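Trainee:
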Amino acid sequence: MKNLYDSLDEWIRGLSQERCAVLLAVSRGLGVLGVGLLLFAERFLLRALTMALVLFGLEYTFGLHQTHDGD
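See the structure below:
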């Protein structure tokens, strides 16, 4: 299981900032949509799209590919 995690982590870190943000947004949006469908929540499609857009913006702005100055 650790090898799978390490391989996936390495693949994600190799993505460009835009692709990483899209991957995160799509995965979270689909997750919210799936849970919404299972729970029959009202406006689940709107919630899923909103979650995907917000996470795309956050990941693109503050995400994995941001450089940090050394401490």
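Heads up, the sequence shown is in the numbering used here, so the first residue is 102 and it goes up one at a time. For each residue, glycine too, the CB sits at the ideal point set by N, CA and C. Nothing here was measured: the structure is a model prediction, and the numbers come from that model.
Taking MET152 as the reference, which of SER108, GLY130, MET102 and ASP110 has the closest Cα?
Mentor: For the purposes of this step, residue 152 is taken as residue 51 along the sequence shown, with counting starting at 1. Looking at the Cα atoms, GLY130 is the closest of the given residues.
Trainee: So LEU134 packs on LEU146, CB below 8 Å; how close in whole Å?
Mentor: Translated into the one-based positions of the sequence shown, residue 134 becomes position 33. Translated into the one-based positions of the sequence shown, residue 146 becomes position 45. About 7 Å; that satisfies the 8 Å criterion.
Trainee: Mind reading off the beta-carbon distance from GLY132 to ARG148? Whole number of angstroms is fine, and I expect it under 8 Å.
Mentor: In the sequence shown, counting from the first residue as 1, residue 132 sits at position 31. In the sequence shown, counting from the first residue as 1, residue 148 sits at position 47. The Cβ separation is near 11 Å, so there is no contact.
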